[in-house]
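Numbering-wise (our numbering), the sequence shown opens with residue 415 and increments by one. Using N, Cα and C, we set each Cβ at its ideal position, and we do this for glycine too. Small disclaimer: the values here were computed from a predicted structure and weren't measured.
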Amino acid sequence: MCARRFEGARDKMAAPPQAGPAALPGPRPGLSRLPVARGQEKRAPSEGPPAAPPQQKRSRTGLGPGAAKAAPKAPLRAPLRTLGPAAAAGKNDGPRKAASVAAAPRAGSATSTASSKGAPKRPPWDLRGQLGDLREALGRAQERLQGLDSEKRELESGNRALRERLQQLQRELGERESRESSLCTRVGSLELEVSQCREELEQSRGRVEALEAEERRLQAQEQQRRQERDEALGRAQALSEQLENTGAQLQQAQQQLQEQLEQVAALRELEASQRALLAEHEERIHLLEMERRRLHNDIQELRGNIRVFCRVRPLLPEERERQRGLPHLHFPPQDARSLVLTRPDDSQVGRERRAELRYDFSFDRVFPPGASQQEIFREIQLLVQSALDGYPVCIFAYGQTGSGKTFTMEGPAPPGTPESRGMIPRAVRHLFRGAQDLAGKGWQYGFSASFLEIYNEGLRDLLLAKGERGSELEIRRLAPDSDELHVPNLTWVPVESEEQVLELLLRAGSQRSVARTGLNERSSRSHSVFQLRIQGHHAARDLRCASSLTLVDLAGSERLEKSGSVGNRLRETQSINSSLSALGLVISALCNKESHVPYRNSKLTFLLQNCLGGHAKVLMIVTISPLEENFAESLNSLRFASKVNECMIGTAQANRK
415 MCARRFEGAR DKMAAPPQAG PAALPGPRPG LSRLPVARGQ EKRAPSEGPP AAPPQQKRSR
475 TGLGPGAAKA APKAPLRAPL RTLGPAAAAG KNDGPRKAAS VAAAPRAGSA TSTASSKGAP
535 KRPPWDLRGQ LGDLREALGR AQERLQGLDS EKRELESGNR ALRERLQQLQ RELGERESRE
595 SSLCTRVGSL ELEVSQCREE LEQSRGRVEA LEAEERRLQA QEQQRRQERD EALGRAQALS
655 EQLENTGAQL QQAQQQLQEQ LEQVAALREL EASQRALLAE HEERIHLLEM ERRRLHNDIQ
715 ELRGNIRVFC RVRPLLPEER ERQRGLPHLH FPPQDARSLV LTRPDDSQVG RERRAELRYD
775 FSFDRVFPPG ASQQEIFREI QLLVQSALDG YPVCIFAYGQ TGSGKTFTME GPAPPGTPES
835 RGMIPRAVRH LFRGAQDLAG KGWQYGFSAS FLEIYNEGLR DLLLAKGERG SELEIRRLAP
895 DSDELHVPNL TWVPVESEEQ VLELLLRAGS QRSVARTGLN ERSSRSHSVF QLRIQGHHAA
955 RDLRCASSLT LVDLAGSERL EKSGSVGNRL RETQSINSSL SALGLVISAL CNKESHVPYR
1015 NSKLTFLLQN CLGGHAKVLM IVTISPLEEN FAESLNSLRF ASKVNECMIG TAQANRK
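What follows is the structure, encoded as structure tokens:
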């Protein structure tokens, strides 16, 4: 009987364990839960989609981040739960609910399209109405874009949770495999002990048969052998029971492994559906981004591809002593686009005499002396945004010397607070932030900057190291049959942050030609040109765009009798006035739509040919002095700006592939 027990134990221990499908361990069914998207309340599966959030109020302008009218967002996907065996009967309801949720934004889009088709068509002359419609459409597109961005972040967080759960299941599977290996090793050792016990039992039987004659003499020994045999049988029985328990545990582990395999399969199916939904949302985001760019360009074209702003600098502390207030400058309180200059009329005819002469000017925007740098940039940031969309953009400052052109474009020297930074660092910061936002939509951008000056009709590279002598710079065409111009051997520095651009501005400012004149203690004696090249690439859709942002600080015009320039200052003044006169001739030729435009009359107009020739979006900021003694120069600057404002240079074209 003892032998049969040992034989049964050996057969059970020798039987190979049943091999289950290799998969990852995980939690028991019905206990795991997928992560719920942040900002979304948990609800029962039968409650349906959450109510749409209330619409935001529309701002007065309809433009800018957070100011657009909130469009109804598409309902988010209800959080998925891993169902246990008790809820297996309701597993087929998920696709129907997903289909109903996915169909909700399409129905809302169809309704808005139907409502827009039913609205009366505005007449062609109603540009304000069309601009308002475009702003409302832009606002709705921005709100939809924000909603999709949030959904995308929620889906990404859900995918990260699934990946972490998958890694945890893989670790648990490794632990179960190591435990199974140790159990197999233990079973082998137990089999070895059983075989040893069987050998000892056989030896004991042989001794009993050989010593039957000496039974009475060896009773004590026989009793001892019996005790040893009983102990061996006890150990064998304990080993048999332990083997049976190990088999039961192995079977239970195989069942758990099978359940976890089923859970992993369900998670993989869920991951596939989430990836499909994510791809669908990315496609919608791309279409919305293309629509935003189109609407943004339409708004800029309605405003005009060449625009003019006027800025009046404030009085300096030393100027307030000799002039009280601004009696010759008037800013209509209800019209931010008008400026009026007045002065007494000294002429008389007979007995009639006019009290004063009045000069009315109207531009796209007029900034009084109290306007800050941020207020000015707020008006041009949409134009700067066009550079990321593939349109070349040019912004240049024009005005009398000492009227605040360099302060407007670059900021104070030395650099002051962030609130006083000029248009160049603010535009660069806006472009870098916009590139970061578009990176989430698949766009990757590269930037490189250059800085040169036109001094006495010669080009000088301002980004060379001190003491380094560069080669002679000339303006050339990219190809014989191309109208696009460039400057060979000019230094281009790759930039990735606003701080790098500020360092380049400091390096260029330390090498720029400045001098003291009778009108300005630190007068710029050259035209400075800062250019930022932008290269965009969307790898998933194989889309590319290339553009440039050109910011020009023109040297100020001045009269020789007031500046008292002699020697080198005289030659610089003559060169500056000559190049500004050439710019005026180019503007006149463009306004009159002449067949020949004299771009080559100066290096300045030749370098700006790409911007003024109708391929770019152009903004001119005319700066004037608040001093009454500079009335004549301010009047000339405003008249020139009015001529530029009347100019039509054509429609800008985006460089996209």
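Use the C-beta contact count for residue i: other C-beta atoms within 10 angstroms, 16 or more gives buried, fewer gives exposed.
i, result
"glutamate 697", "exposed"
"serine 962", "buried"
"threonine 964", "buried"
"arginine 447", "Only weak support is given to the placement of arginine 447: the predicted model assigns it a pLDDT of 42, under 50, and the value that follows is read from those uncertain coordinates. Burial call: exposed."
"glutamine 666", "exposed"
"cysteine 598", "exposed"
"leucine 562", "buried"
"glutamate 461", "Summary for glutamate 461: the model assigns pLDDT 42, below 50, so the residue's position carries little reliability, and this model does not support an answer."
"glycine 799", "It should be noted that the sequence gives glutamine, not glycine, for residue 799. Answer is buried; the Cβ neighbour count reaches 16."
"lysine 1017", "buried"
"histidine 844", "buried"
"asparagine 982", "exposed"
"leucine 984", "exposed"
"asparagine 1059", "buried"
What is the DSSP secondary structure of residue i, counted as helix, strand or coil?
i, result
"threonine 756", "strand"
"lysine 1086", "The question about residue 1086 has no answer here: the residues shown for the chain are numbered 415 through 1071."
"glycine 816", "coil"
"glycine 950", "strand"
"proline 908", "strand"
"glutamate 770", "strand"
"glutamine 737", "coil"
"valine 943", "strand"
"arginine 725", "strand"
"histidine 1010", "coil"
"serine 446", "Note on serine 446: pLDDT 40, under 50, position unreliable in the model; the coordinate value appears next. Coil, per DSSP."
"cysteine 598", "helix"
"cysteine 1061", "coil"
"leucine 965", "strand"
"histidine 742", "coil"
"arginine 627", "Sequence check: residue 627 is alanine here, not arginine. In this structure, alanine 627 counts as coil in the three-state DSSP scheme."
"phenylalanine 846", "helix"
"phenylalanine 781", "strand"
"arginine 649", "helix"
"serine 776", "strand"
"asparagine 659", "helix"
"serine 927", "coil"
"alanine 750", "coil"
"valine 1036", "strand"
"leucine 997", "helix"
"serine 1016", "coil"
"leucine 957", "strand"
"serine 1056", "helix"
Tell me the rounded alpha-carbon separation between residue i and residue j.
i, j, result
"lysine 456", "lysine 566", "Confidence is the limiting factor: at lysine 456 the pLDDT is only 41, short of 50, which leaves the residue's position unreliable and the question unanswerable from this model."
"leucine 1026", "valine 1032", "7 Å"
"glycine 945", "leucine 1041", "Note on residue identity: the sequence assigns glutamine, not glycine, to residue 945. So the alpha carbons of these two residues sit roughly 33 Å apart."
"glutamate 913", "phenylalanine 846", "11 Å"
"cysteine 611", "glycine 620", "14 Å"
"cysteine 1061", "isoleucine 1001", "7 Å"
"glutamine 356", "arginine 643", "One cannot answer for residue 356 here, as it falls past the ends of the chain, which runs 415 to 1071."
"glycine 588", "leucine 664", "15 Å"
"histidine 941", "proline 747", "35 Å"
"serine 927", "cysteine 959", "35 Å"
"histidine 1029", "histidine 900", "15 Å"
"valine 726", "phenylalanine 781", "6 Å"
"glycine 543", "leucine 1052", "30 Å"
"glutamate 594", "glycine 661", "11 Å"
"glutamine 556", "phenylalanine 1045", "45 Å"
- Please specify which runs of the beta strand (DSSP E), each continuous and at least 3 residues long, are wholly inside the region 850–901, giving them in chain order. 857–869 and 872–875
- Kindly confirm or deny that the region 811–822 and the region 1037–1053 touch, where touching means at least three C-beta pairs closer than 8 Å. yes
- Message: Would you call the region 853–871 in contact with the region 946–955, where contact means no fewer than 3 C-beta pairs closer than 8 Å?
- Response: As far as the Cβ criterion goes, the region 853–871 touches the region 946–955, which means the pair count is three or higher.
- Start-end ranges of the alpha helix (DSSP H) lying completely within the region 783–832, minimum 4 residues: Every alpha helix (DSSP H) of 4 residues or more that sits fully in the region 783–832 is shown, in chain order, as 787–802 and 819–824.
- Message: Counting beta carbon pairs with one atom in the region 669–684 and one in the region 539–556, are three or more of them shorter than 8 Å?
- Response: no
- Query: Would the region 877–889 and the region 903–913 be scored as touching if the rule is three or more Cβ pairs under 8 Å?
  - Reply: yes
- Specify whether the region 744–752 and the region 772–786 touch according to this definition: at least 3 beta carbon pairs, one from each stretch, less than 8 Å apart. yes
- Message: If contact is defined by three or more beta carbon pairs under 8 Å, each pair taking one atom from either stretch, is the region 832–839 in contact with the region 779–796?
- Response: yes
- Query: Between the region 885–903 and the region 866–874, do three or more beta carbon pairs fall short of 8 Å?
  - Reply: yes
- Query: In chain order, which beta strand (DSSP E) runs of at least 3 residues are fully inside the region 550–617?
  - Reply: none
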